[in-house]
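Worksheet: one structure, shown below.
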Amino acid sequence: MSRLFILDPVCAQLLGHNLTSLVKFRSYFSSFSYYDSIIPVASRLLPEAFAQENEVEQAFHFYYHNRMKVSDAQGRAIVDATAVLPDYEERMLELATTDAREFFERFSIGAADSLFFPSVDFFSCLAIFEMLRTLPPERAPRLYLRFIGVMEYSCRLYPDPKRELLRQVKDIISRGYPVFLSAEASVYADHLAELLDAPVAATPVPPFHDILPMDDGEEFVVVSPGSGRIDKGFNLLPSIISDFRRSYPRLKVRFLIQNLPPWDLEHNMKSASQIYAAPGVELLPSSISFEEMTAMFRRAHLVLMPYAADIYELRSSAILTESVGHGRQIITSRGTGFEKEVSYFNLGLVCADVGGYVAALAQFSQMSRRQLTNRANQARHRYTTYCLSQYKEWLK
Numbered sequence: 038m039s040r041l042f043i044l045d046p047v048c049a050q051l052l053g054h055n056l057t058s059l060v061k062f063r064s065y066f067s068s069f070s071y072y073d074s075i076i077p078v079a080s081r082l083l084p085e086a087f088a089q090e091n092e093v094e095q096a097f098h099f100y101y102h103n104r105m106k107v108s109d110a111q112g113r114a115i116v117d118a119t120a121v122l123p124d125y126e127e128r129m130l131e132l133a134t135t136d137a138r139e140f141f142e143r144f145s146i147g148a149a150d151s152l153f154f155p156s157v158d159f160f161s162c163l164a165i166f167e168m169l170r171t172l173p174p175e176r177a178p179r180l181y182l183r184f185i186g187v188m189e190y191s192c193r194l195y196p197d198p199k200r201e202l203l204r205q206v207k208d209i210i211s212r213g214y215p216v217f218l219s220a221e222a223s224v225y226a227d228h229l230a231e232l233l234d235a236p237v238a239a240t241p242v243p244p245f246h247d248i249l250p251m252d253d254g255e256e257f258v259v260v261s262p263g264s265g266r267i268d269k270g271f272n273l274l275p276s277i278i279s280d281f282r283r284s285y286p287r288l289k290v291r292f293l294i295q296n297l298p299p300w301d302l303e304h305n306m307k308s309a310s311q312i313y314a315a316p317g318v319e320l321l322p323s324s325i326s327f328e329e330m331t332a333m334f335r336r337a338h339l340v341l342m343p344y345a346a347d348i349y350e351l352r353s354s355a356i357l358t359e360s361v362g363h364g365r366q367i368i369t370s371r372g373t374g375f376e377k378e379v380s381y382f383n384l385g386l387v388c389a390d391v392g393g394y395v396a397a398l399a400q401f402s403q404m405s406r407r408q409l410t411n412r413a414n415q416a417r418h419r420y421t422t423y424c425l426s427q428y429k430e431w432l433k
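The numbers in my numbering rise by one with no breaks, and the one at position 248 of the sequence shown is 285.
And the structure:
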């Protein structure tokens, strides 16, 4: 009996894209007919009621309290007081290794099984490697590691955690274990292939979301989602909006912008105040529900993503995937890890500077709704077909 385990120890709360991927990948892979059963496995912090309702197993502690804020089902912060201690990460690596051993024993993991990490994290990856080394390669499960550029190097135990993780990846492959690699962004896949001397597939997140009908009203709506983070271009928005208003005063465009979280807001009040004071702007909370996010996309005609190229050089974006899924074009920055995908699949336009964003806003806002819909649907079709072929080839 072949089983696929979708493993995400960082999936610990009822928000964020880890949760979406964990649940949605199960139904997505079910259509492949490769496995007799597909079992998602998350953190023990994930609310138990949700886990039971969605048939998600829980097997892992949460190893990153020193890096991530985690909330319970009521939105209350879950705090680990030991996260400030100097030996915290050393203990987390030991805990991850214990969790991995118990997971292997609990499910009797063997050669008929496949383990898929939709987003590799440092401690879990090293812990799984430790378990593989206890088995001869012919009795080991197939291991699928998907790199997204977020948690795979989140560790201070080593001077260069990236080098250490990739060293261990090369070691486990050299020992003959069945390990298969992919990355969310194609440029990241090429980067890893160069470092690992091994092929790395490109596996974007498939568009899990349904196409939303586009409003045919007179006002053109631009949304800038993503918790208003600085690395997602929040501080660029005042210049983009003001220059656009000055250059195209007659175009009726409304901006919906997610605000900064409180811990960032106090350090960026100037940008927030400028955005708040700008005409035709709605500031949304930094944290919104799935239903509120869907409602925002339903109002949208275009998605504005002025992401920082230095931060996203090797990364893709969950907002990109949601935009494609909902049938919305995007405008984003040159130099990101998803620039090639935007251009190749015609997902929108890539901009080099504020002037480029202003011109792109003007171009899209003057298109008919029919043009916008056709462009977005064609891009979605090509992107969806590509994703399906990539995953089928990688997992077979």
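Here a beta-carbon is modelled for each residue, glycine too, at the ideal position from N, C-alpha and C.
**Simplified DSSP assignment, three categories, for C424** = helix
| said: At the level of alpha carbons, what is the spacing between V29 and S219? | reply: With the chain covering 38 to 433 only, the question about residue 29 has no answer from this structure.
F327 burial status per 10 Å Cβ neighbour count (16 or more: buried) = exposed
Where does V318 fall in DSSP's three states?
strand
Original post:
According to the Cβ coordinates, are A110 and F141 closer than 9 Å?
Top reply: no
**Prompt:** Whose C-beta lies closer than 7 Å to the C-beta of N272 among residues of the same chain, with five residues either side of it excluded?
**Reply:** N305 and S308
* How would you call D439, buried or exposed, if buried means at least 16 neighbouring beta carbons within 10 angstroms? -> The structure shown has nothing for residue 439, since the chain only spans 38 to 433.
Item to complete: For F160, I'd like the list of residues in its chain whose CB is within less than 6 Å of its CB, leaving aside the five on either flank, ordered along the chain.
Response: Y100, M129, L130 and A133
Are C48 and L41 touching if we call contact CB-CB under 9 Å?
-> no
Name the DSSP beta bridge partners of Y181, please?
F153 and F217
**Q.** Which of helix, strand or coil DSSP assigns to A77
**A.** Looking at the sequence shown, residue 77 is not Ala but Pro. Three-state DSSP puts P77 in a strand.
Item to complete: Note down, in chain order, each residue of its chain lying with its Cβ closer than 6 Å to the Cβ of F217, except the 5 sequence neighbours on either side.
Response: Y181
key: When I165, P250 and E189 are compared against Y214, the one with the closest alpha-carbon   = I165
Closest Cα partner of H338 within the set E376, A345 and S405:
S405
Considering Cα atoms alone, identify which of S108, A355 and H98 is closest to H246.
A355
field: Residues bridged to L384 (per DSSP)
entry: DSSP lists no partner for L384.
- Message: Going by DSSP in three states, A238 sits in which element: helix, strand or coil?
- Response: strand
**Message:** For P173, tell me which candidate among I210, P250 and K433 has the shortest Cα-Cα distance.
**Reply:** I210
Item to check | Neighbourhood of T373 by C-beta distance below 6 Å, restricted to the same chain and skipping five residues each side | outcome: Y344, A346 and Y349
When the Cα of F184 is compared with those of E378, S324 and P155, which residue comes out closest?
-> P155
Legend entry - For M251, the three-state DSSP class (helix, strand or coil): coil
Taking only the alpha-carbon atoms, compute the straight-line gap between F281 and E221 and give it to the nearest angstrom. 33 Å
Item to check | M168 - containing alpha helix (DSSP H), residue span | outcome: F159 to L169
Buried versus exposed call for H102 [16 or more other C-beta atoms within 10 Å across all chains shown]:
buried
Using CA coordinates, which residue listed in V290, L82, S67 and P84 is at the minimum distance from I76?
S67
Straight-line Cα distance separating P241 from T57:
14 Å
Practice task
Assign E131 to one of three DSSP states: helix, strand, or coil.
Solution key: helix
| task | With a threshold of 16 other CB atoms inside 10 Å of the CB of T358, please say whether the residue is buried or exposed. | result | buried
**Message:** Looking only at its chain, what residues have a beta carbon closer than 7 Å to the beta carbon of V395, apart from the 5 residues adjacent to it on each side?
**Reply:** I277, D280, F281 and S284
Inset, instruction - Let me know the secondary structure DSSP gives F141 once reduced to three states. - result: helix
inquiry  = Is the beta carbon of E189 closer than 9 Å to that of V157?
reply    = yes
Start-to-end residues for the beta strand (DSSP E) that takes in L229:
Segment S223 to L233 is the alpha helix (DSSP H) holding L229; no beta strand (DSSP E) there.
| message | Between which two residues does the alpha helix (DSSP H) holding M7 run? | response | Beyond the ends of the chain as shown, which are 38 and 433, falls residue 7; an answer cannot be given.
Can you pull the DSSP bridge partners for F257?
V290
Problem - Secondary structure of A110, DSSP reduced to three states - result: coil
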